[in-house]
Structure formats: structure tokens, C-alpha cells
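A.B. asks: Residue numbers (this note's numbering), protein chains in the order written: chain A, 973 to 1300; chain B, 444 to 779.
We put the CB at the ideal spot given by N, CA and C, even for glycine.
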């Protein structure tokens, strides 16, 4: 792992304008990622994980809008550039494996044709060596082999493949143009444990090969412990805690992160369930102050009125919690 | 002891093709029994394609077995008619995987819960029906005021899944077939739903068949476990023993692949052999043959079940020094 910063997200804000009001789905998120680093983004449904991925790809559709902020990939801010340039940047700079990607393959077109389409749509003009179809085919087959599929998959249809294989095809497509950042949104949520492990090991291997940074979105903390270097916990559109995986699992600081870790089943305490009481807040009517305060076991007076600002603890952990701002 | 539900040598074969009959054995000679006297939670575990959902469909009577029989309280469920059939429908309830697609989006929660009340004539009056709803919703940990009168899209996945459980509970079932009830629910809410399920067994005496691929949750809710692979029972027994000391190479692979939320416990180093693409029928031999790291020549024959301990059996030739037990006797070694 080297220390070149490959992705910087600065104060990213996204809102959805609905009839019932403005929902702040992403409320000032800051994040930095180096080449080769793997970040896990966890949170409940509706916490803004997928919105963040879509915002990075600039794929937020109305009524949603990116209000402000920067997404700097490899030195270029993606937010202000023209739509055609963004089209080129997708897949060649930043790739996205959406949730349930395996169901997005076209059932009546061969896998190979879909891969070539992807190259044609997103390749840079600066790469003339892939112009010929043979070269593109060669590149696709290489990508398929690197995700442990036979190159004969190139000529197959989606229905001939199992779920895990389809998911690996999607990973192969995402690495075709060697992007700097790969965002995987719950890539294994529909797969069983053994296939899940295979898919995750595949992502791990290809990201090492091409030296890309990976953002893994999900709510499975177990998967995070196995796979990522850093974990970011999201709640109501904000990053509650960001720290390396070891600190997160051995010594979580934010009360929400603590509750998340505690709710995980393990083999020591059979039959003990520690759910998180209460419900995730509706984004349209966020509670005042810290969004987590109605569910927080350590709630203080200040939490109800004032929103905590991000603080950095020694060791590079970032937190948004009054417990730590007042002490520091 | 009388059996609540009994599967006797059940096989289910799906055939397709008009001229070239291609068949897939989804379930191969499975026998199980749940006792009437003591409610228990039994897990049926396996990866996709292992036949676990086929098993659920068979238990609920949605499809009929190709051979073998399924008995509910001693009667073949496909021979039930009239009153008895209604009773079976009422006493055996299901909770399915996807809490987003099982509700009619145009019905409010009240309406959804009224349908079974009217169908089975559970309530004498409207206020009685209302009381029943409130009671069931409270039992699954929902505040009736939060959910009654709302439409499904206004509720979270966890709430919807609990409404499913409440709907089943209102009918006072004897058996609940839960097919992957938490796999589409947020991790932070899983614990709540599992606790609700467990509570059904302890407080209301409901037996549960918990179908899942997630062995960690299986460990927490169930008493016994049956591991399926491509329609065959690989290993079965007491959940404590099977999860903590798995014997069959397939169970070991499954347990080795659980992403433990523990940074000191990494995925095993063992390379996994990719799943064979060809899922068509190889009717003889161990189904795990192609992927097994300990594969032997004799694995080309069907391995019987070997009883390893009082509460554990595995279908693998690695254990051929142990006594063989007939598939019908499998339930005897599952603890309640």
C-alpha cells in the first residue's frame, strides 16, 4: 500500500426534494482514501450509503441533487466537469458495482458483447491500442480470467451462469478500464456464504492487481472485519465514526458504532440478542442536535440541541459525538 | 410420542424438457420428524441450490413430493380435505424471505391482518378482531399505534417482517416455516427479529423450521440443525456440536466461510474449489465429490449416514468406522 491519495471527498451534500420537504440524504461527508486502500461503509437502510456511491458517480437523479462538495479522483474534481467527460470518467476512473449487479446483465446479449459495449462507451480517446475489436476481446477475456472465470464465458449468456459467476462477470466489467476507485454496493448480499467468500476474495485479488482503492458498502460487519482496512459508520447521512478496522472492532468509540458491534451474533453468548432499540430516523424529520440522540444510551443535554462537529482523535480516527468533543 | 410433522423418505425431482427429459433432484430421500409434545427450533441450512426452499414448499403443501410422504399429525397433507385442510392451513404458517414483496401495497396493515381473521373466523366482533391484532403486534415487539392504519411502504423492512410474524402468530400456529426470514433485513434489526422468533417457541409453544444459509443466526435460535447440499443431508445433529465441531468437509467449508465479526478470526486459508457449473443430475455418489478436498475413490458411491455421537451424524466415508444409521432414524438423534 502506498500513500498517494487517490480519492478525496470534501463536504459532500445531497438532498432529495420531495413533496413532503427536503430530505438531507448526505450531509457534509469528508473522506480521504489512498491507492490500494479498502474502506467499508456501513449503516442501516436509509443512512445514505447508496446515495454516497451514486453521488460519487454523479448518478443522483431528480428529485435528488448534489448541493455542494467535491469528489476528487486522481486529481480531478468530478462534480463540475461536463456530462460527456463524466461519461468517460465512469469505469475508467471510478467504477461502480451496484446492488444486485448480477441481475443487471442483459439476458439476450452475450456476456462478451456487453463487455465490449462497456469499453466502447467509456474508453478514453487516449487509449488507441484498444480500437480493434480483437484487442477489446482480448482485454475482456483477460478480465474474465482475472476473476477466475473461463474465457469461454465471453460467449455465454447470463442464464448459463450461477449467481456468483454473474457477480464475478460484473466485477470483470468494472475492472476493464483499470479504474482508480471501485465502489461495490453490497456485492454479495444475495449470495450464500461460500460464494460470498469467493466473490470477496476475487475483489481483493483484482484490486491488488490494479492498485485501485475499494469502497465496500454493506451492513454486514462480519464481512467488513474480513475484508476492509478502514470502516466508516454512517447514520442519517453523516459519518459517525471513521477508524481503522482493528480499532473499530476492539474499541468502538461512538455509541452507535458500539451498539452495532454489540448487535453482532457470535459463538460465545448463545441466545443473547442485542438489537439496537428504536428505529432509524426519517430523513424528512431528523431529530434536532445529534441525529442519534433519541436512541443513544449515553445521551446528554447538549446532544438534543447541538449537532456535534467532526473531531479527530489520536491515531487518525474521526468522530462526531459530544462525548469526545467535550473531553478533548 | 406423536409426530407433529413427519417427512418419510421424501424425494423431489424437477423435470424439464419435452423430449430430452432433464431432471434435477432437488431433495433426495430426506426424512425428518418434529414431535408434537415439545416445541423446538430446527435449522435447515445450505447454500443456494441445496434444496432448502424446496423443502419449505413441500412442508407447506405448495408442491407435492415425487416420492415419499409428508404427514401432519399422522395424516398425509395431500390427502387432507375440507375441515382438516383448513386446520392444516391455519396451524402451519410461513414467513418468507422478502418482506418487501409479500404485502399487497394497496392494503393497510389493518386490512392485511383482517384478511386471515375473517378467513379463519377468529374473531366474534370487530372490536375482538382489533384486540387480537393489537395482542399479536405487541407480542412481536411492535407498537400497534405505530403500524396500524399505515401502508406497507411506510414501514421499514424489519417492521414488515415482524408484521409477517404477527400475522402468523394470530392464527395460533403449531408450526412456523421461516424461509430466510432475516437475510433481507438490516443487520442491526436481525437480532430483534430472531429474538421474536425465539420468543414464539418459548412463550407460545410454536415449533419453528428455520431455513437459512447463515450459520451464526442458526446457532443462536435453534436446537438442532440439518445441513443440506444439493438435496442430500450432509450432516445433522445438535446445533452446539455441529457448529463447534463440524465433521463433514462441506460443513467445515461452510463454517470456515462465515465472515466472523472478529478481526482475529480470518477466513481459512483453504482454497475453495469453484462450484461445479453442471447442476444436472449425478444420481450416484457423494454430491460434494467435485469440491471435496478429501475425495476418495469410494466417494463415487452414495455415502450412508454415519452416527458419530449421540447427537451428530454425517454422510461421509471419512467416518465409515462409525455405525450406519438409516435415513428414517435421523430425527431420533436430533435433540429437542
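Does the beta carbon of residue 973 of chain A come closer than 8 Å to any beta carbon on chain B?
C.D. replies: Low per-residue confidence applies at residue 973 of chain A: pLDDT is 46, beneath 50, and the placement is therefore not dependable enough to give any value.
A.B. asks: Looking at the structure shown, is residue 553 of chain B part of a helix, part of a strand, or coil, going by DSSP?
C.D. replies: The answer is helix: DSSP assigns residue 553 of chain B an H, G or I state.
A.B. asks: Anything in the segment 750 to 766 of chain B with a Cβ closer than 9 Å to a Cβ of chain A? List those residues in chain order, please.
C.D. replies: Residues: none.
A.B. asks: For residue 1072 of chain A, would you say it is in contact with chain B, using Cβ-to-Cβ distances shorter than 8 Å as the test?
C.D. replies: Chain B, which has no Cβ nearer than 8 Å to the Cβ of residue 1072 of chain A, makes this no.
A.B. asks: My understanding is that residue 1014 of chain A touches residue 1166 of chain A, with C-beta atoms under 8 Å, so please give their C-beta distance in whole angstroms.
C.D. replies: At roughly 23 Å, the Cβ-Cβ gap does not stay under 8 Å, so residue 1014 of chain A and residue 1166 of chain A are not in contact.
A.B. asks: Beta carbons nearer than 8 Å to chain B: which residues of the segment 1229 to 1242 of chain A have them?
C.D. replies: Within the segment 1229 to 1242 of chain A, the qualifying residues are 1231, 1232, 1233, 1235, 1236, 1237, 1238, 1239 and 1242.
A.B. asks: Classify residue 453 of chain B as buried or exposed, calling it buried when 16 or more other Cβ atoms lie within 10 Å of its own Cβ.
C.D. replies: Residue 453 of chain B is buried by the Cβ-count criterion.
A.B. asks: Where DSSP assigns a beta bridge to residue 694 of chain B, which residues make up the other side?
C.D. replies: None, per the DSSP bridge assignment.
A.B. asks: If you measure from the beta carbon of residue 701 of chain B to each beta carbon in chain A, is any gap under 8 Å?
C.D. replies: For residue 701 of chain B, the answer is yes, since a Cβ of chain A falls inside 8 Å of its Cβ.
A.B. asks: Could you check if residue 1132 of chain A is buried or exposed, using at least 16 other CB atoms within 10 Å of its CB as the buried criterion?
C.D. replies: The residue in question, residue 1132 of chain A, is exposed, as its Cβ has fewer than 16 Cβ neighbours within 10 Å.
A.B. asks: Would you mind listing the beta strand (DSSP E) stretches within the segment 498 to 564 of chain B that are 3+ residues and don't spill past its ends, in chain order?
C.D. replies: Listed in chain order, the complete beta strand (DSSP E) runs (minimum 3 residues) inside the segment 498 to 564 of chain B are 510 to 515 and 535 to 538.
A.B. asks: Look at the alpha carbon of residue 542 of chain B and the alpha carbon of residue 536 of chain B, and state the distance between them as a whole number of angstroms.
C.D. replies: Each residue's Cα considered, the two are about 15 Å apart.
A.B. asks: Within 10 angstroms of its Cβ, does residue 740 of chain B collect 16 or more other Cβ (buried), or is it exposed?
C.D. replies: Result: exposed.
A.B. asks: Does DSSP put residue 1119 of chain A in a helix, a strand or coil?
C.D. replies: Coil at residue 1119 of chain A, not helix or strand.
A.B. asks: Less than 6 Å between C-beta atoms, sequence neighbours within five positions excluded: which residues of the same chain meet that for residue 464 of chain B?
C.D. replies: Once the five neighbours on either side are set aside, the close Cβ partners of residue 464 of chain B are 458.
A.B. asks: Just to confirm my understanding: we take residue 1183 of chain A, look at its own chain, exclude 5 residues before and 5 after, and list those with CB closer than 6 Å. What are they?
C.D. replies: Hits under 6 Å: 1007 and 1008.
A.B. asks: Please specify which runs of the alpha helix (DSSP H), each continuous and at least 4 residues long, are wholly inside the segment 1013 to 1083 of chain A, giving them in chain order.
C.D. replies: Taking only runs of at least 4 residues, the alpha helix (DSSP H) segments lying wholly in the segment 1013 to 1083 of chain A are 1021 to 1029 and 1055 to 1064.
A.B. asks: Report the CB separation of residue 1108 of chain A from residue 1088 of chain A in whole angstroms; it is logged as a contact under 8 Å.
C.D. replies: The pair is a contact, with the Cβ atoms about 5 Å apart (cut-off 8 Å).
A.B. asks: Using DSSP with H/G/I as helix, E/B as strand and the rest coil, what is residue 675 of chain B?
C.D. replies: Residue 675 of chain B: strand per DSSP, three-state reduction.
A.B. asks: Chain A beta carbons: is any one of them nearer than 8 Å to that of residue 697 of chain B?
C.D. replies: Taking Cβ atoms only, chain A reaches closer than 8 Å to residue 697 of chain B, which makes this a yes.
A.B. asks: In its own chain, which residues sit with a C-beta less than 7 Å from the C-beta of residue 720 of chain B, not counting the 5 before and 5 after it?
C.D. replies: Only weak support is given to the placement of residue 720 of chain B: the predicted model assigns it a pLDDT of 45, under 50, and the value that follows is read from those uncertain coordinates. Excluding residues within five positions, none has a Cβ falling inside 7 Å.
A.B. asks: Taking all protein chains shown into account, decide if residue 723 of chain B is buried (16 or more other Cβ within 10 angstroms of its Cβ) or exposed.
C.D. replies: Confidence at residue 723 of chain B is low in this model, with a pLDDT of 45, below 50, so the placement of that residue should be treated as unreliable; the coordinate-derived value is given next. Residue 723 of chain B comes out exposed.
A.B. asks: Where in the segment 734 to 773 of chain B do unbroken runs of the beta strand (DSSP E), each at least 3 residues long, occur, reported from the N-terminal end onward?
C.D. replies: Runs of the beta strand (DSSP E) inside the segment 734 to 773 of chain B: 748 to 752 and 755 to 757.
A.B. asks: Is the segment 1195 to 1202 of chain A in contact with the segment 1215 to 1227 of chain A, if contact means three or more CB pairs nearer than 8 Å?
C.D. replies: Because the criterion of three Cβ pairs below 8 Å is met, the segment 1195 to 1202 of chain A and the segment 1215 to 1227 of chain A touch.
A.B. asks: For the segment 1165 to 1180 of chain A, list every residue whose C-beta sits within 9 Å of some C-beta in chain B, in sequence order.
C.D. replies: Those residues of the segment 1165 to 1180 of chain A that come within reach of chain B (Cβ to Cβ, closer than 9 Å) are 1165, 1166, 1167, 1168, 1169, 1170, 1172 and 1173.
A.B. asks: Would you identify the three-state DSSP class for residue 1267 of chain A, choosing helix, strand or coil?
C.D. replies: Helix at residue 1267 of chain A.
A.B. asks: Around the Cβ of residue 1300 of chain A, are there at least 16 other Cβ atoms within 10 angstroms (buried) or fewer (exposed)?
C.D. replies: Confidence is the limiting factor: at residue 1300 of chain A the pLDDT is only 44, short of 50, which leaves the residue's position unreliable and the question unanswerable from this model.
A.B. asks: Compare the beta carbon distance of residue 757 of chain B and residue 677 of chain B with 8 Å and say whether it is the shorter of the two.
C.D. replies: It is a contact, given that the beta carbons lie within the stated cut-off.
A.B. asks: Quick check on this structure: which residue in A/1023, A/1060 and A/996 has the alpha carbon closest to the alpha carbon of residue 1189 of chain A?
C.D. replies: The option with the nearest alpha carbon to residue 1189 of chain A is A/1023.
A.B. asks: On the DSSP letters alone, give me the boundaries of the beta strand (DSSP E) that residue 471 of chain B sits inside.
C.D. replies: Its beta strand (DSSP E) spans residues 465 to 478.
A.B. asks: Counting only the same chain and skipping the five closest in sequence on each side, list residues whose C-beta sits under 7 Å from that of residue 665 of chain B.
C.D. replies: Closer than 7 Å at the Cβ level, and outside the excluded window around residue 665 of chain B, lie 484, 485, 486, 653 and 682.
A.B. asks: What does residue 1216 of chain A pair with, by DSSP beta-bridge criteria?
C.D. replies: According to DSSP, which records beta bridges pairwise, residue 1216 of chain A is partnered with A/1202.
A.B. asks: Is there at least one Cβ from chain A nearer than 8 Å to residue 666 of chain B's Cβ?
C.D. replies: Cβ-Cβ to chain A under 8 Å: no for residue 666 of chain B.
A.B. asks: Which class does residue 620 of chain B belong to by DSSP, given the choice of helix, strand or coil?
C.D. replies: In the structure shown, residue 620 of chain B sits in a strand (DSSP, three-state: E or B).
A.B. asks: Helix, strand or coil for residue 1325 of chain A, going by three-state DSSP, please let me know.
C.D. replies: Only positions 973 to 1300 of chain A appear in this structure, which leaves residue 1325 of chain A out of reach.
A.B. asks: Just tell me which of B/462, B/476, B/445 and B/544 has its CA closest to the CA of residue 771 of chain B.
C.D. replies: Residue 771 of chain B has its Cα closest to that of B/476, out of B/462, B/476, B/445 and B/544.
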